[in-house]
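Chemist: Questions regarding the structure given below will be posed in turn.
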Amino acid sequence: MPAERISDALRQAAGEFGAADVRFRLDRPKDTDHGDLASNVALALSSRLRRAPREIALELRARLEGIRGVDRIEIAGPGFLNFFLEESAVGRVLHEIQQADLAYGRNSGGRGREIMVEFVSANPTGPLHLGHGRQAALGDAIASLLEWSAWRVHREFYFNDAGAQIERLAASVRVRYQQLLGHEAVVPEGGYHGAYVVDIARSFRDKVGDRYENDDSDAAMDAMRRHAVGALRAEQERDLAEFGVRFDEYYPETRLYTDGRVAATIQDLDNTGLTYVKDGAAWLRTTAFGDQKDRVMVKSDGSPTYFLPDVAYHMSKWDRGFREVVNVQGSDHHGTVDRVRAGLQALGRPAGYPEYVLHQMVTVEQGGEEVRFSKRAGSYMTLAELVEEVGADVARYFFLMRRPEAHLTFDLDLALDESDKNPVYKVKYAHARVCRLFELARERGWARPRDADTGPLDSRLERELINRLREFPDFLRRAAAARAPHVVCDYLERTAGLVNSWYQTGHPTRSPERAVLVADERLRNARLTLADAARIVLRNGLAVLGLEAPERMVRL
RNA sequence: GCGCCCGUAGCUCAGCUGGAUAGAGCAUCGGCCUUCUAAGCCGAGGGUCCCAGGUUCGAGUCCUGGCGGGCGUGCCA
């Protein structure tokens, strides 16, 4: 690729100035008048060398003669080097895209190493809500981006199948169960009121009949708890499948107790000498690792706080060989980050382990009003309800199109719109339109061109689109590194916009001479080559985000 | 009080390692359908990038101090 040759040449030239380690950029300028690629290297060197940037740029240009694929170099503005590529080098990008096809956009950054992405990790105490939906979309897309960057990704879902919340759930189910058997009973303080609890009680009754009537023994509660957890896990599973998200492993909290990890973690922490007893509780000196205050591991009543299994759980990740772990969590959990890391550091793990992506909450708006309704959960809208309403792809995309750390306002009106105003449809239509060209070409007996002469692609718009397609791998690399799927959304929307413009300006209605399917074979094949490259990029981009790329959209 | 995140067009938001004239969608206004899907395209208006300092050749981006909003700050999960 010309970009790599230019980058190498710049690095070498910088070395001749005695500044081989200078940081500079080489990227596509916003304005096509500024060439196909531009570098700020002269500006970066100027502060080091204490010389005027334009002067340095002139000398650099003299050393950059004869890079293959480069037509000319201009110096502009305060000292930018603007590279204009040869027509053939521009066109070659399209051939490279065609050749790479399904693999176009992949990079080898991960070098086949293993990484775990933990996400959703909802407790089985209710249906998945929209916060989980955002997290499911985010975690899955981050995992996918990492796969495109040559990481071997393990998708994991952790859930608390024991503890106070689960006991409250079981107690709530018990109340509904008693009510079904004709008894008076009231959902306890802090219990769960959603309609789903009644459904669980009903399925429990259908299974066991009245065997546990008026029975609040441990065995009865245990049976209800297991039934409720099983039912809710199954429901969450269905919702996630409907949403198109799958996990490699589900890790239950109880396993940490049954396999002795929690006990071992207490022992290991004690051995560090960083623990102490105060007010009858066992504490860990997490302040030694930057936490704001020390944390209780074991309460004075002898039961562990959630902090302990959290540390034990993350030790299990390490022990399973994951040196790279990304935890996707709601930002309401950010208070746990420091203490978990501190606990792990106490046990000798590195300071930044694990990595966190924290996302803000989701609100839904329709007609400018916030929507709070949920039949099933009794409060906020569930993921299943949203997917039912707008479809999995639209929901996914909307969850992904904002930076994780920004609050997300889900605009239901826009989500339900099936025109190009809706960014999801905009991208899908761009793909479908391009596919349609090949369908029509086939009908006329014109094959998909390979290695076509791309010389005729000389319009400003075509040049811009080609440069855009060339950048796709960089965007994926950057999105993966930043754990930021919204970068891909942004890229796809802009690319789709260019594709739509190009398609439309060449519409036979207005300017038949710019149409793709013209009689002139050279022109036609050049344009079909560009269309094919655009098709590949849009399809691959949608694939990264876990969205379908339809070849045809049904007209309503 | 302390910690983390956010503050960019009327609205929702992008803006990479500090780079050229701060961008997109929605909304508003004006054009374009006998032909590859007009579910579209072209164009216009719209900005003290929360405020004040600082660093720099250059700051929406980095630093300091404010202001406003969200979240956290339990022997809750």
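Counting from 17, one number per residue, gives the positions in the first sequence under the working numbering. The beta carbon of each residue, even a glycine, is placed where N, CA and C say it ideally should be.
Within 10 angstroms of the Cβ of residue 600, are there 16 or more other Cβ atoms? Answer buried if so, exposed if not.
Modeler: Nothing can be reported for residue 600, as the shown portion of the chain is limited to 17 through 572.
Chemist: Would you identify the three-state DSSP class for residue 558, choosing helix, strand or coil?
Modeler: Indexing the first sequence from 1 puts residue 558 at position 542. Three-state result, residue 558: helix.
Chemist: By how many angstroms is the C-alpha of residue 103 removed from the C-alpha of residue 460?
Modeler: In the first sequence, counting from the first residue as 1, residue 460 sits at position 444. In the first sequence, counting from the first residue as 1, residue 103 sits at position 87. Rounded to the nearest angstrom, the two C-alpha atoms are 29 Å apart.
Chemist: How many Å lie between residue 539 and residue 447 at the Cα?
Modeler: On the first sequence, position 523 is the one that residue 539 refers to. On the first sequence, position 431 is the one that residue 447 refers to. Near 21 Å, if we compare the C-alpha coordinates of residue 447 and residue 539.
Chemist: Give the range of the beta strand (DSSP E) segment to which residue 374 is assigned.
Modeler: One-based indexing of the first sequence puts residue 374 at position 358. From DSSP, the beta strand (DSSP E) with residue 374 extends over 371-375.
Chemist: So, under 8 Å CB-CB, residue 116 and residue 258 are touching, yes? Tell me the CB distance rounded to an integer number of Å.
Modeler: Here residue 116 is taken as the residue at index 100 of the first sequence, counted from 1. Here residue 258 is taken as the residue at index 242 of the first sequence, counted from 1. 32 Å between Cβ atoms; not a contact.
Chemist: Is the beta carbon of residue 146 sitting closer than 8 Å to the one on residue 397?
Modeler: Taking the first residue of the first sequence as 1, we reach residue 146 at position 130. Taking the first residue of the first sequence as 1, we reach residue 397 at position 381. Yes, these two residues count as a Cβ contact at 8 Å.
Chemist: Residues in the same chain with beta-carbon distance under 6 Å from residue 507, minus the five sequence neighbours each way, listed in chain order, please.
Modeler: Position 491 of the first sequence, counted from the first residue, corresponds to residue 507. Excluding positions up to five away in sequence, the list reads 491.
Chemist: With a threshold of 16 other CB atoms inside 10 Å of the CB of residue 222, please say whether the residue is buried or exposed.
Modeler: Walking along the first sequence from the start, residue 222 turns up at place 206. So residue 222 ends up on the exposed side.
Chemist: At 4 residues or longer, what runs of the alpha helix (DSSP H) sit wholly inside the region 437-523?
Modeler: With a minimum length of 4 residues, the continuous alpha helix (DSSP H) runs that stay inside the region 437-523 are 439-459, 476-486, 488-497 and 502-521.
Chemist: Residue 384: buried (16+ other C-beta within 10 angstroms of its C-beta) or exposed?
Modeler: Walking along the first sequence from the start, residue 384 turns up at place 368. It counts as exposed.
Chemist: Please classify residue 62: is it buried, with 16 or more other beta-carbons within 10 angstroms of its beta-carbon, or exposed?
Modeler: Here residue 62 refers to the residue found at position 46 of the first sequence. With 16 or more other Cβ atoms within 10 Å, it is buried.
Chemist: Using the DSSP secondary-structure output, state which residues sit across from residue 89 in a beta bridge.
Modeler: For the purposes of this step, residue 89 is identified with residue 73 of the first sequence, where counting begins at 1. Note: residue 89 sits in a beta bridge opposite 99.
Chemist: Just to check my reading of the structure: residue 403 and residue 372 have Cβ atoms closer than 8 Å, yes? What is that Cβ distance to the nearest angstrom?
Modeler: Mapped onto the first sequence, residue 403 falls at position 387. Mapped onto the first sequence, residue 372 falls at position 356. Between residue 372 and residue 403 the Cβ distance is about 27 Å, and since that is not below 8 Å, they are no contact.
Chemist: Name the one or two DSSP bridge partners that residue 114 has.
Modeler: Here residue 114 is taken as the residue at index 98 of the first sequence, counted from 1. In the DSSP output, where bridge partners are listed per residue, residue 114 has none listed.
Chemist: For residue 95, tell me which candidate among 111, 480, 67 and 118 has the shortest Cα-Cα distance.
Modeler: Your numbering for residue 95 matches position 79 in the first sequence. Of the listed residues, the one whose Cα sits closest to residue 95 is 67.
Chemist: How should residue 333 be labelled, buried or exposed, when 16 other C-beta atoms within 10 angstroms of its C-beta is the threshold for buried?
Modeler: As a first step, residue 333 is located in the first sequence; it is residue number 317 there, counting from the start. It counts as buried.
Chemist: For residue 179, which option in 517, 362 and 270 has the closest C-alpha, if you only look at C-alpha atoms?
Modeler: One-based indexing of the first sequence puts residue 179 at position 163. The shortest C-alpha separation from residue 179 is found at 270.
Chemist: For the alpha helix (DSSP H) that residue 341 lies in, which residues bound it at each end?
Modeler: As a working note, residue 341 is residue 325 in the first sequence. Where residue 341 is concerned, there is no enclosing alpha helix (DSSP H), although the beta strand (DSSP E) it sits in stretches over 341-346.
Chemist: Residue 214 to residue 426, Cα distance in whole Å?
Modeler: Translated into the one-based positions of the first sequence, residue 214 becomes position 198. Translated into the one-based positions of the first sequence, residue 426 becomes position 410. Answer to the nearest angstrom: the Cα atoms are 29 Å apart.
Chemist: Taking only the alpha-carbon atoms, compute the straight-line gap between residue 171 and residue 563 and give it to the nearest angstrom.
Modeler: As a working note, residue 171 is residue 155 in the first sequence. As a working note, residue 563 is residue 547 in the first sequence. Straight-line Cα distance between these residues: approximately 18 Å.
Chemist: May I have a chain-ordered list of the alpha helix (DSSP H) segments no shorter than 4 residues that lie completely inside the region 35-83?
Modeler: Fully enclosed alpha helix (DSSP H) runs of 4 or longer: 57-65 and 69-79.
Chemist: Residue 444: buried (16+ other C-beta within 10 angstroms of its C-beta) or exposed?
Modeler: Your numbering for residue 444 matches position 428 in the first sequence. When all chains shown are included, residue 444 counts as buried.
Chemist: Confirm, please, whether the CB-CB distance from residue 436 to residue 111 is below 8 Å.
Modeler: Taking the first residue of the first sequence as position 1, residue 111 is located at position 95. Taking the first residue of the first sequence as position 1, residue 436 is located at position 420. Contact flag unset, no.
Chemist: Where do the N-terminal and C-terminal ends of the beta strand (DSSP E) with residue 381 fall, by residue?
Modeler: Here residue 381 corresponds to residue number 365 of the first sequence, with the count starting at 1. Where residue 381 is concerned, the enclosing beta strand (DSSP E) stretches over 378-382.
Chemist: Give a yes or no on whether the C-beta atoms belonging to residue 561 and residue 503 are separated by under 8 Å.
Modeler: For the purposes of this step, residue 561 is taken as residue 545 along the first sequence, with counting starting at 1. For the purposes of this step, residue 503 is taken as residue 487 along the first sequence, with counting starting at 1. No, the pair does not count as a contact, with Cβ atoms beyond the cut-off.
Chemist: Going by the beta-carbon positions, is the gap between residue 306 and residue 358 smaller than 8 Å?
Modeler: Numbered from its first residue, the first sequence carries residue 306 at position 290. Numbered from its first residue, the first sequence carries residue 358 at position 342. In contact: residue 306 and residue 358 (Cβ atoms closer than 8 Å).
Chemist: Do residue 331 and residue 291 have their C-beta atoms within less than 8 Å of each other?
Modeler: By one-based count along the first sequence, residue 331 stands at place 315. By one-based count along the first sequence, residue 291 stands at place 275. No.
Chemist: According to DSSP, simplified to helix, strand and coil, what is residue 327?
Modeler: The count along the first sequence starts at 1 and reaches residue 327 at position 311. Of the three classes helix, strand and coil, the one that applies to residue 327 here is helix, per DSSP.
Chemist: At a cut of 8 Å, does the region 146-158 reach the region 185-197 through at least three beta carbon pairs?
Modeler: No: the two stretches stay apart, fewer than three of their Cβ pairs being nearer than 8 Å.
Chemist: Just grab the DSSP bridge partners of residue 427 for me.
Modeler: Counting from 1 along the first sequence, the entry for residue 427 is found at position 411. For residue 427, which the question treats as bridged, DSSP gives the partners 381.
Chemist: At the level of alpha carbons, what is the spacing between residue 76 and residue 29?
Modeler: Taking the first residue of the first sequence as 1, we reach residue 76 at position 60. Taking the first residue of the first sequence as 1, we reach residue 29 at position 13. Each residue's alpha carbon lies about 7 Å from the other.
Chemist: Between residue 245 and residue 177, how many whole angstroms is the CB-CB distance? I'm expecting something under 8 Å.
Modeler: Within the first sequence, residue 245 is the residue found at index 229, counting from 1. Within the first sequence, residue 177 is the residue found at index 161, counting from 1. Contact holds; Cβ gap of about 5 Å.
Chemist: For residue 430 and residue 92, what's the separation of their Cα atoms in angstroms?
Modeler: On the first sequence, position 414 is the one that residue 430 refers to. On the first sequence, position 76 is the one that residue 92 refers to. Those two C-alpha atoms are separated by around 42 Å.
Chemist: By the 10 Å Cβ neighbour count, where 16 or more other Cβ atoms means buried, how is residue 3 classified, buried or exposed?
Modeler: Outside the displayed range of the chain (17 to 572) lies residue 3, so it cannot be described from this structure.
Chemist: Would residue 42 and residue 22 be called neighbours here (beta carbons separated by less than 8 Å)?
Modeler: In the first sequence, the residue the question calls residue 42 occupies position 26. In the first sequence, the residue the question calls residue 22 occupies position 6. Yes, the Cβ-Cβ distance between residue 42 and residue 22 is below 8 Å.
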